[in-house]
Amino acid sequence: MTRSIIKIKTTLLDHQVAQLSAIAIGLSLLESVLPSPIPGVKPGIANIISLYALYRFNFSTAMWVSILRVFATSLILGQFLSPTFMLSFTGSLLSLITLYISFRLSKRFFSPISLSILSSFAHIAGQLLLVRFWLIPHASIYYLIPIYSLSALLFGLINGWITDQLLKHHNSL
Amino acid sequence: MKLRPKFYIGDVLILLISILFILFTFKSFWHFEAGSIVQVNFQGKVYGNFSLFQNKKINLTGKEGESVIEIREGRARFVTSPCKNQYCVQQGWIHYAGQMLICIPNEVSVEILDKTKAYDSLNY
Amino acid sequence: MHFIKFFLTSILLCLIQSCSNSSLYQSKNYVFGTIVDISIYGEDQKKAKDATNDVLNEFTRLNNSLHAWKKSTLTELNENIRQGKPSTHTNIELIHIIEDAKSLEKKSHHLFNPAIGELIDYWGFHQDEFISMHPNPSNIQKLVETRPSLDAIHISSSTISSNNRHVKIDLGGYAKGYALDQARKILDQHQIKNALINIGGNITAIGQHGKQPWRIGIQDPRATHAIAKLDLPDGWAIGTSGDYQRYFIDNGIRYCHIINPETGYPVQGVYSVTVLIEPAKNAGVLSDVLSKPLFIASPNDRQAIARSLDIKHYFIIEDKHILMTKTMSDKIQFLHPDTKKNNQIEITP
């Protein structure tokens with residue numbers, strides 16, 4: 001009987017991603033327990049970690065953190081490949097694309113708060129589009145747009161501000 | 174520790190545009206007009222349009238189990254739903270045009286139609 | 298910064314402004330024993346209200362002048378006819394109305410007959426709250442044999458006389474349409490460009506509702522909702538005669554308020570007849586009058602009647618049967634898919 005140990009070489013980036021993802025997953029799980037007044041209205045605090053990763057490291061770190069979090073959270077909660085997972089995945093994907101584009105905006109004019117608001121809007125837009133065109137194609141969800149937009153702005157603002165503080169005061173998370 | 178965040182001009186711009194956008198969505202999507210027809214969608218298809226001015230219960234058996242929708246006195250609601258979170262039931266009655274209840278797990282949605290005024294005036 | 302704030306504030310103000318301009322003024326009032334519903338689009342509230350008040354005052358005036366059974370200029374005239382007396386100094390408006398009604402009676406081969414007030418009264422429809430009655434065939438026969446017709450009316454300058462004492466003029470199928478045409482004139486004087494006037498189901502449109510035409514629902518005669526809808530462009534008018542507005546049921550038979558002047562009995566079997574009238578000075582009157590001959594005519598005579606009266610758009614609902622002209626079917630949309638399933642739909646050229 002031979003014992004084999006598979007050793008994977010890990011890079012520094014892997015460690016960063018792992019650490020940040022762990023925090024993000026924790027926050028996501030925490031959030032999933034919190035009651036929400038309207039389905040879909042959530043603070044999205046895990047987004048803080050993605051945003052932090054984007055500023056502190058680079059886009060690919062942020063992307064990995066985001067995707068790992070979506071997959072891991074849904075696996076833990078037993079929602080993998082369920083509509084809830086698809087919603088979360090689409091939202092995160094659109095939110096990442098937005099971050100990728102808006103990260104090129106001049107740092108002289110735009111702080112993380114801007115990016116947080118924009119990605120927050122993208123997140124909800126992705127989810128609404130998915131509901132409209134795939135999950136319940138016949139439903140018109142226009143009625144929900146104002147509430148979701150308002151919550152996107154509110155939580156985008158708060159998350160952005162927290163990220164801003166983290167970047168300023170805790171440069172070594 | 175300074176907690177005041179530094180707002181850049183771009184942030185202010187994005188904030189203002191967002192607020193305008195939200196005001197716009199409220200204005201265009203929130204008409205508080207009592208509806209008269211409710212549309213029930215089930216498994217991606219229109220299950221049927223029903224007058225809100227009747228007393229009726231609709232039972233739909235989907236993947237998760239049975240959803241029961243009740244129509245009474247110009248309003249509609251989910252009475253029971255097999256879903257875990259019960260959001261659709263908790264939201265209670267809806268009666269304004271454009272309002273809707275969605276139960277994603279069981280693929281049921283109930284919407285008060287916006288086109289209740291298919292016409293401006295009635296010829297009789 | 299200040300510039301941006303100013304810019305955004307002005308956009309916001311524009312948004313609010315544009316909303317308040319596209320307002321719809323609506324009023325519902327009870328005149329003519331029915332509901333008068335006036336919608337005015339895109340005018341300020343004050344102007345719309347003033348115009349509406351003028352229209353309502355006119356309607357009240359017409360009601361006092363043309364009412365068929367409450368004391369009015371018309372009932373005075375009818376009383377004189379009954380006593381065989383000529384009416385002198387009759388007002389010019391009433392003379393015009395009677396002359397017009399007379400010519401419409403002739404054109405409709407006497408199916409539209411406003412002289413059968415005695416028959417209508419016999420059937421009990423000359424009351425706000427009528428009660429069911431048992432018709433007596435010999436009494437009805439006697440009333441039919443008096444041959445009431447506006448042909449018997451003679452007009453010389455302002456004097457009206459009749460050589461048939463049994464003529465009792467009832468403008469029930471004319472007055473609402475006439476009021477529509479009057480309302481159009483008054484709103485024109487107030488320079489109202491977009492309005493919809495509905496008097497007890499007879500409707501005429503001025504302009505349109507914003508970017509789209511005014512949309513009209515046609516009542517389902519056996520339900521509480523509309524059966525179909527259509528766009529009513531500027532100047533057009535629509536009217537319906539139905540067996541479901543004023544009727545009573547005796548021994549399981551439905552007796553409606555539309556009486557065939559030839560038989561003396563209410564028409565049976567027809568649920569409703571809708572006519573759509575193209576723009577004309579008297580479109581309102583035509584929308585009110587022209588549905589009656591089609592309602593009364595036997596099914597075989599309908600096409601001939603429609604042709605002689607130049608009715609291009611009509612829509613007739615009977616039991617499980619809907620009949621309409623090709624031009625009408627191009628214009629209307631059914632609101633429920635079941636309508637097409639449950640009715641045989643016949644389209645005439």
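Residue numbers (this note's numbering), protein chains in the order written: chain A, 1 to 173; chain B, 174 to 297; chain C, 298 to 646. Beta carbons: idealized from backbone N, C-alpha and C, even for Gly. In this text the structure is predicted, and so the values were computed from the model without any measurement.
Taking Cβ positions only, does A:T10 come closer than 8 angstroms to chain B? Position 10 of the first sequence, counted from the start, is the residue given in the question as residue 10 of chain A. Output row for A:T10: interface = no.
For B:T198, go through chain A and note every residue whose CB falls closer than 7 angstroms to its CB, in chain order. Residue mapping note: residue 198 of chain B aligns to position 25 of the second sequence, counting from 1. When 7 angstroms is used as the limit between beta carbons, B:T198 is near these residues of chain A: I145, P146 and S149, in chain order.
Boundaries of the alpha helix (DSSP H) in which C:Y475 is found, first to last residue: In the third sequence, residue 475 of chain C corresponds to position 178, counting from 1. From DSSP, the alpha helix (DSSP H) with C:Y475 extends over A472 to Q486.
What does DSSP give as the partner residues of B:V116 in its beta bridges? No statement about residue 116 of chain B is possible, as the shown extent of chain B runs from 174 to 297 and does not include it.
Give the C-beta separation of C:T560 and C:G498 to the nearest angstrom, bearing in mind that I take them to be a contact with Cβ-Cβ under 8 angstroms. Translated into positions along the third sequence, residue 560 of chain C becomes position 263. Translated into positions along the third sequence, residue 498 of chain C becomes position 201. With 8 angstroms as the limit, C:T560 and C:G498 do not qualify as a contact, their Cβ atoms being about 25 angstroms apart.
Near-chain B residues of the stretch 535–560 of chain C - C-beta to any C-beta below 9 angstroms: Those would be I535, G536, T537, G539, Y541 and Q542, in chain order.
Which one or two residues does DSSP pair with C:W511 in a beta bridge? Within the third sequence, the letter at position 214 stands for residue 511 of chain C. Its beta-bridge partners are C:L529.
Comparing the C-beta of B:Y296 with each C-beta of chain C, is any distance below 8 angstroms? Counted from its first residue, the second sequence places residue 296 of chain B at position 123. Checking the displayed sequence, the identity of residue 296 of chain B turns out to be Asn instead of Tyr. Yes, contact with chain C.
Cβ closer than 9 angstroms: which chain B residues qualify as neighbours of A:P83? Counting from one through the first sequence, the residue named residue 83 of chain A turns up at place 83. Within chain B, I277, P278 and E280 have C-beta atoms less than 9 angstroms from the C-beta of A:P83, given in sequence order.
Look at the alpha carbon of C:I524 and the alpha carbon of A:L96, and state the distance between them as a whole number of angstroms. Within the third sequence, numbered from 1, the residue matching residue 524 of chain C stands at position 227. Within the first sequence, numbered from 1, the residue matching residue 96 of chain A stands at position 96. Across the structure, C:I524 and A:L96 are spaced so that their CA atoms are roughly 50 angstroms apart.
Got a sec? Which residues, its chain only, sit under 7 angstroms from C:L484 by beta carbon, not counting five neighbours each side? As a working mapping, residue 484 of chain C is identified with position 187 in the third sequence. Excluding residues within five positions, the ones whose Cβ falls inside 7 angstroms are A348, V352, A492 and I503.
Under the rule that 16 or more other beta-carbon atoms within 10 Å means buried, what is C:D627, buried or exposed? Residue 627 of chain C sits at position 330 when you count from the first residue of the third sequence. C:D627 comes out exposed.
Let's test the definition: count the other Cβ atoms within 10 Å of the Cβ of B:G265 and tell me whether it reaches 16, buried, or not, exposed. What you label residue 265 of chain B is simply residue 92 of the second sequence in a count that begins at 1. Exposed: under 16 other Cβ atoms inside 10 Å.
Once DSSP output is grouped into helix, strand and coil, what is the label at A:P43? Mapped onto the first sequence, residue 43 of chain A falls at position 43. If DSSP states are grouped into helix, strand and coil, A:P43 belongs with coil.
Whole angstroms are fine: how far does the CA of A:R132 sit from the CA of A:Y100? Within the first sequence, the letter at position 100 stands for residue 100 of chain A. Within the first sequence, the letter at position 132 stands for residue 132 of chain A. Approximately 25 angstroms, taken between the alpha carbons.
Residue nearest to C:H554 in terms of C-alpha spacing, selected from C:R604, C:K490 and C:H423: On the third sequence, position 257 is the one that residue 554 of chain C refers to. Selected option, being the one with the closest Cα: C:H423.
Counting pairs of beta carbons, one from the stretch 451–470 of chain C and one from the stretch 374–387 of chain C, are three or more of them closer than 8 angstroms? Counting C-beta pairs closer than 8 angstroms gives three or more between the stretch 451–470 of chain C and the stretch 374–387 of chain C, which meets the contact rule.
By the DSSP assignment, the beta strand (DSSP E) with C:S453 in it spans what residues? For the purposes of this step, residue 453 of chain C is identified with residue 156 of the third sequence, where counting begins at 1. Membership of C:S453 in the beta strand (DSSP E) is indicated by the continuous run I450 to S453.
Quickly, what does DSSP pair C:H393 with across the bridge? List them, please. Here residue 393 of chain C refers to the residue found at position 96 when the third sequence is read from its first residue. None; C:H393 has no bridge partner.
Would you kindly report the start and end of the unbroken beta strand (DSSP E) that includes B:A270? Locating residue 270 of chain B in the second sequence gives position 97, where the first residue counts as 1. Counting along the chain, no beta strand (DSSP E) covers B:A270, and no H or E run does either.
Using the Cβ count rule (16 or more neighbours within 10 Å means buried), how would you classify C:M430? Here residue 430 of chain C is taken as the residue at index 133 of the third sequence, counted from 1. Its Cβ having fewer than 16 others within 10 Å, C:M430 is exposed.
Residue closest to A:A122, alpha-carbon to alpha-carbon, out of A:S92, A:I147 and A:F103: Here residue 122 of chain A refers to the residue found at position 122 of the first sequence. Shortest Cα-Cα distance from A:A122 to any of A:S92, A:I147 and A:F103 involves A:S92.
What do you get for C:Y327, buried or exposed, if any count of 16 or more other CB atoms within 10 angstroms of its CB means buried? Along the third sequence, one-based indexing puts residue 327 of chain C at 30. Answer is exposed; the Cβ neighbour count stays below 16.
Would A:F59 count as contacting chain B if we go by Cβ distances under 8 angstroms? Numbered from its first residue, the first sequence carries residue 59 of chain A at position 59. For A:F59, no Cβ of chain B is located within less than 8 angstroms of the residue's own Cβ.
Kindly indicate which three-state DSSP category C:H560 falls into: helix, strand or coil? As a working note, residue 560 of chain C is residue 263 in the third sequence. In the sequence as presented, His is not what sits at residue 560 of chain C; that position holds Thr. DSSP places C:T560 in coil when its eight states are reduced to three.
Between which residues of its own chain and A:R56 is the CB-CB distance below 6 angstroms, once the five residues before and five after are set aside? Against the first sequence, residue 56 of chain A aligns to sequence position 56. Result list for A:R56: empty, nothing under 6 angstroms.
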